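Asks:
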Amino acid sequence: MQQKISPARAVSGAVLLPGDKSISHRYAMLAAIAEGTTKIENYSGGADCQSTLACVRALGAGVEANGGAVHITGRGLEGLHQPESTLDAGNSGSTIRMLSGILAAQPFVTRIGGDESLSRRPMERIMKPLAQMGAHIEASENRFPPLTIHGRPLHSMEYTPPMASAQVKSCVLFAGLFAEGRTTVHEPMRTRDHTELALREFGAEVDIEKRSVTVTGRPHLEGRELRVPGDLSAAAFFLVAALIVPESSLTIHGVGLNPTRSTLLDFLAEMGAQIRILDVTSAGGELIGDVLVRNSRIRGGLLEKARTAALIDEIPVLAVLGAASEEGLIVRDASELRVKETDRIATIAENFERMGLEITVHEDGFEVPGRQAFHAAELDSFGDHRIAMAFSIAALAADGPSIMLDPGAASVSFPEFFATLQRVAE
0 MQQKISPARA VSGAVLLPGD KSISHRYAML AAIAEGTTKI ENYSGGADCQ STLACVRALG
60 AGVEANGGAV HITGRGLEGL HQPESTLDAG NSGSTIRMLS GILAAQPFVT RIGGDESLSR
120 RPMERIMKPL AQMGAHIEAS ENRFPPLTIH GRPLHSMEYT PPMASAQVKS CVLFAGLFAE
180 GRTTVHEPMR TRDHTELALR EFGAEVDIEK RSVTVTGRPH LEGRELRVPG DLSAAAFFLV
240 AALIVPESSL TIHGVGLNPT RSTLLDFLAE MGAQIRILDV TSAGGELIGD VLVRNSRIRG
300 GLLEKARTAA LIDEIPVLAV LGAASEEGLI VRDASELRVK ETDRIATIAE NFERMGLEIT
360 VHEDGFEVPG RQAFHAAELD SFGDHRIAMA FSIAALAADG PSIMLDPGAA SVSFPEFFAT
420 LQRVAE
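Note that numbering that gives the first Met the number 0 numbers the sequence shown so that position 54 is 53, with each residue one more than the last.
#1: With C-beta atoms as the reference, is residue 226 less than 8 Å away from residue 283?
#2: Closer than 6 Å by C-beta to residue 10: which residues in its own chain qualify, once you throw out the five before and the five after it? Chain order, please.
#3: Could you name the residues of the same chain whose beta carbon sits closer than 7 Å to that of residue 90, not counting the 5 residues immediately before and after it, in chain order?
#4: Within the same chain, show all residues whose beta-carbon is closer than 6 Å to that of residue 75, passing over the 5 residues directly before and after it, in chain order.
#5: Determine the DSSP secondary structure at residue 294, reduced to helix, strand or coil.
#6: Determine the direct distance from the alpha carbon of residue 217 to that of residue 260, and round the result to whole angstroms.
#7: For residue 141 and residue 131, what's the separation of their Cα atoms in angstroms?
#8: Suppose the cutoff is 7 Å on Cβ atoms and the five residues either side in sequence are ignored; what does the same chain contact list for residue 263 look like?
#9: Give me the residue from 87, 111 and 158 with the minimum Cα distance to residue 139.
#10: As an exercise, report each continuous alpha helix (DSSP H) stretch of at least 4 residues that is fully enclosed by the stretch 320 to 373, in chain order.
#11: Between which residues of its own chain and residue 307 is the CB-CB distance below 6 Å, once the five residues before and five after are set aside?
#12: With a 10 Å radius around its C-beta and 16 neighbouring C-beta atoms as the bar for buried, classify residue 3 as buried or exposed.
#13: For residue 186, which three-state DSSP category applies?
#14: Would you decide whether residue 65 is buried or exposed? Buried here means 16 or more other CB atoms lie within 10 Å of its CB.
#15: With C-beta atoms as the reference, is residue 401 less than 8 Å away from residue 378?
#16: What residues match up with residue 154 in a beta bridge as DSSP calls it?
#17: Beta carbon of residue 205, beta carbon of residue 182: below 8 Å?
#18: Just verifying my parser: in three-state terms, what is the DSSP assignment at residue 403?
#19: Can you tell which of 1, 5 and 0 has the C-alpha that lies nearest to the C-alpha of residue 392?
#20: At a cut of 8 Å, does the stretch 363 to 370 reach the stretch 191 to 204 through at least three beta carbon pairs?
#21: Quick one: residues in its chain with C-beta nearer than 8 Å to the C-beta of residue 203, no 5 flanking neighbours on either side, listed in chain order?
#22: Does DSSP classify residue 149 as helix, strand or coil?
#23: Is it buried or exposed for residue 292, if we count other Cβ within 10 angstroms and need 16 for buried?
#24: Pull up the DSSP beta-bridge partners for residue 252, would you.
#25: Pick helix, strand or coil for residue 242, following the three-state DSSP scheme.
#26: If residue 86 sits next to residue 57, beta carbons under 8 Å apart, how far is it from one beta carbon to the other, in whole angstroms?
#27: Taking residue 330 as the reference, give the member of 338, 344, 257 and 126 with the closest Cα.
#28: Should residue 207 be labelled buried (16 or more other beta-carbon atoms within 10 Å of its own) or exposed?
#29: At the 8 Å Cβ level, is residue 252 part of the contact set with chain D, yes or no?
#30: Using only CA atoms, which one of 302, 361, 289 and 287 lies nearest to residue 270?
#31: Taking the beta carbon of residue 24 as the centre, do at least 16 other beta carbons fall within 10 Å, making it buried, or is it exposed?
#32: If you compare alpha carbons, which of 1, 26, 190 and 81 is closest to residue 104?
#33: Quick check: the Cα distance between residue 52 and residue 92, rounded to an integer number of angstroms?
#34: Going by CA-CA distance only, name the one from 128, 349, 95 and 189 that's closest to residue 155.
#35: Quick one: using the 10 Å Cβ neighbour count with 16 as the cut-off for buried, is residue 384 buried or exposed?
#36: What are the boundary residues of the alpha helix (DSSP H) that residue 30 is part of?
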């Protein structure tokens, strides 16, 4: 399967993005252990978030799609049951890592795995803290999925992850819901706070002090009516498209503007992007607004340390922007890219080479010179949704039509990506 992408004269009009993946996952998991029914509007239609729904359904939660919303009837903290077969997380690291915190506390054994790509992604980062809380987890080669989780009564603790990770934080806090007392995660660097906001929405007691987050165990969680904001990570592709294609002016409606995610907009503004935020509202503790972006002269930039961690998912498309910028892009402290759906440093470099773009690769990052010419090419997603979308955006600036191999990878997070791109790219 392949997708032809022609160069664009302009990217214009308006788009409405799918629901934020990160928030969708968390809402579904908490709804499954809450009392009563939760209605979630704009739940992500991506394959990753559908994997989460399938997992909570297999654990006994009622899941129905009705009128554009997902309704989840929860089982409470004590009500989940042992699934009849191995839970399938698909390609979703978020599903397996965060849900493991809930599974570790159940009075039964659960096996959870995923596809070939997920089976190569390391899980020690969640296995270690869960073991410290009393769980027993078996893994392939002691680190890879599938995981066999022997649920046990857990005890609360304080934990400092060796590296900042919103997934690890969420896993430990979810496990802490089932433990007596207070469970605290001390973050080396601040990560996205969707879990803290969602926990509060469902009725948990959450305390935040600087980079430390504490949840009180055994709360009474109640079903809610919630709306998932548009995914800012998905917006990144269209923001870059409008920035690099001449004569572009694009409005993105209903985007999540959570301050722990807005590093992307701050970084783009510092690089010279013409971006305006319109009509900001709040729902479920999350800020939502419209974003207007116009073609701009982009200077270039540097990503390192905390900023790299905050933008780790956006780096593939920012690499494309760097090649079109005046001064290029330098990325450091990004070794996490090596263990995503693909080795994203390697797959970025491979597609750069195919388009005739220069890039210097390092073990934990890369350097991209600016003012480069994009050449039409046969590009490859390598089965990675963010690589598929990032280089489809690059193809808009090429000197002729390009081909994307395995474009279906985009459906992991954004099934409507190519239809939306065709609609706004003139």
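Ideal Cβ positions, reconstructed from N, Cα and C, are used throughout, including at glycine. For clarity, every value in this text was computed on a predicted model and none was experimentally measured.
Replies: Reading off the structure:
#1: With respect to residue 283, residue 226 sits close: the two C-beta atoms are nearer than 8 Å.
#2: These residues qualify, in order along the chain: 240, 241, 244, 247, 249, 423 and 424.
#3: Closer than 7 Å at the Cβ level, and outside the excluded window around residue 90, lie 46, 47, 113, 114, 116, 117, 340 and 411.
#4: Cβ neighbours of residue 75 within its own chain (closer than 6 Å, five residues either side excluded): 34.
#5: Residue 294 falls in the coil class under three-state DSSP.
#6: Between residue 260 and residue 217, the C-alpha separation is close to 29 Å.
#7: Per the coordinates, the alpha-carbon of residue 141 lies some 16 Å from the alpha-carbon of residue 131.
#8: Here the set comprises 231, 235, 310 and 313.
#9: The shortest Cα separation from residue 139 among 87, 111 and 158 belongs to 111.
#10: Listed in chain order, they are 343 to 353.
#11: By the criterion of a C-beta distance shorter than 6 Å, residue 307 is surrounded in its chain by 332 and 333, once the five residues flanking it on both sides are discounted.
#12: Answer is exposed; the Cβ neighbour count stays below 16.
#13: The answer is coil: DSSP assigns residue 186 none of H, G, I, E or B.
#14: The residue in question, residue 65, is exposed, as its Cβ has fewer than 16 Cβ neighbours within 10 Å.
#15: Closer than 8 Å, so yes.
#16: Answer is 179, bridged to residue 154.
#17: Taking a C-beta distance under 8 Å as the contact criterion, residue 205 and residue 182 do not qualify as a contact pair.
#18: The answer is strand: DSSP assigns residue 403 an E or B state.
#19: The shortest C-alpha separation from residue 392 is found at 5.
#20: The answer is no - the stretch 191 to 204 does not touch the stretch 363 to 370, with fewer than three Cβ pairs under 8 Å.
#21: Excluding sequence neighbours, residue 203 sits near 176, 214, 215, 218 and 220.
#22: In the displayed model, residue 149 falls within a strand according to three-state DSSP.
#23: Result: buried.
#24: Beta-bridge pairing links residue 252 to 15.
#25: Residue 242 falls in the helix class under three-state DSSP.
#26: Contact flag correct, Cβ pair sits at about 6 Å.
#27: Cα-wise, what sits closest to residue 330 is 344.
#28: Exposed: under 16 other Cβ atoms inside 10 Å.
#29: The displayed structure is made up of one protein chain only, and chain D is not part of it.
#30: The residue with the shortest Cα to Cα distance from residue 270 is 302.
#31: Looking at its Cβ environment, which holds 16 or more other Cβ atoms inside 10 Å, residue 24 is buried.
#32: Nearest Cα to residue 104 within the set 1, 26, 190 and 81: 81.
#33: The alpha-carbon atoms of residue 52 and residue 92 are separated by roughly 14 Å.
#34: Comparing alpha-carbon positions, the option among 128, 349, 95 and 189 lying closest to residue 155 turns out to be 128.
#35: Looking at its Cβ environment, which holds 16 or more other Cβ atoms inside 10 Å, residue 384 is buried.
#36: DSSP places residue 30 in the uninterrupted alpha helix (DSSP H) bounded by 20 to 31.
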